[in-house]
Amino acid sequence: MPGDKIPSERELADRLNVGRSSVREALRALELLGIIETKRGEGTFIKDFSENHLVSVLGLFVLEDSKAIEDIFEMSVLIEKDALMKILQSFDKKKLIQLDQDFRKGINNPQELMGKLIHMGGNHLLFRTWLVLADYLKAGSKLQEPPIPIYEELMSALVLNNRNLVLQVYERISKYKNLSL
767 MPGDKIPSER ELADRLNVGR SSVREALRAL ELLGIIETKR GEGTFIKDFS ENHLVSVLGL
827 FVLEDSKAIE DIFEMSVLIE KDALMKILQS FDKKKLIQLD QDFRKGINNP QELMGKLIHM
887 GGNHLLFRTW LVLADYLKAG SKLQEPPIPI YEELMSALVL NNRNLVLQVY ERISKYKNLS
947 L
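Here it is, written out as structure tokens:
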């Protein structure tokens with residue numbers, strides 16, 4: 767877990783039955799990737815996952831395969847659509863109006879809006895999964911977001927609690943993104 771202290775070089779070498787120099791090299795590599803940090807006089811600690819660039823680094827290798835990019839895109843679409851349906855089921859007009867106003871006033875970041883919508887859907891695991899998938903897509907593709915007005919239409923459809931309109935607008939969003947892959 768982030769913040770946890772990891773064993774010393776000596777202890778890791780003993781546990782893994784390898785030389786200390788091998789452990790030292792591995793720890794340096796993990797530190798360069800932003801997975802751990804060493805605090806002088808205190809030890810080595812696991813960093814917060816959200817702060818490291820491991821997903822970007824892995825994305826460069828994993829996403830060289832265009833099929834992998836398509837699969838990740840498809841999975842993110844499923845998560846986004848599921849979250850939108852959950853929002854409609856647990857309809858909270860006040861929250862949606864506030865999010866719509868915030869978006870129109872200045873958020874104007876479609877990915878941030880979608881993240882807030884997925885979070886609003888209430889499934890924390892799907893939200894965390896979507897964050898990772900979004901990072902992979904950002905690192906490994908030329909994904910382009912549709913113009914802001916399409917997201918404004920999506921928010922209007924959500925505020926109206928109009929399932930068919932939400933699905934129609936979201937279909938346009940996903941097709942636009944898919945064309946940019």
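Numbering (my numbering), first residue to last: 767 to 947. All residues carry an ideal CB built from backbone N, CA and C; glycine is no exception.
Item, Value
"Contact between the stretch 931-942 and the stretch 893-901: three or more CB pairs below 8 Å?", "no"
"Is Phe893 helix, strand or coil when you go by DSSP?", "helix"
"Comparing C-alpha positions only, which one of Thr810, Asn930, Glu777, Leu782 sits nearest to Leu793?", "Thr810"
"For Asp866, which of Leu892, Tyr917, Leu796 has the nearest alpha-carbon?", "Tyr917"
"What does the alpha-carbon distance come out to for the pair Gln934 and Gly800?", "41 Å"
"Might you give, ordered along the chain, the residues of its own chain that have their beta carbon closer than 6 Å to the beta carbon of Leu796, omitting 5 neighbours on each side?", "Ile802"
"Look at the alpha carbon of Leu1032 and the alpha carbon of Met841, and state the distance between them as a whole number of angstroms.", "Nothing about residue 1032 can be read from this structure; the chain reaches only from 767 to 947."
"Could you check where the beta strand (DSSP E) with Glu803 kicks off and where it finishes?", "802-805"
"Mapping DSSP to helix, strand and coil, what is Lys859?", "helix"
"When we look at the beta-carbon of Pro876 and count the other beta-carbons within 10 Å, is it buried (16 or more) or exposed?", "buried"
"Using the Cα positions of Leu854 and Arg929, report the straight-line distance between them to the nearest angstrom.", "7 Å"
"Does the stretch 850-864 come within contact of the stretch 879-894, defined as at least 3 CB pairs closer than 8 Å?", "yes"
"Taking all protein chains shown into account, do 16 or more other C-beta atoms lie within 10 angstroms of the C-beta of Glu808, making it buried, or fewer, making it exposed?", "exposed"
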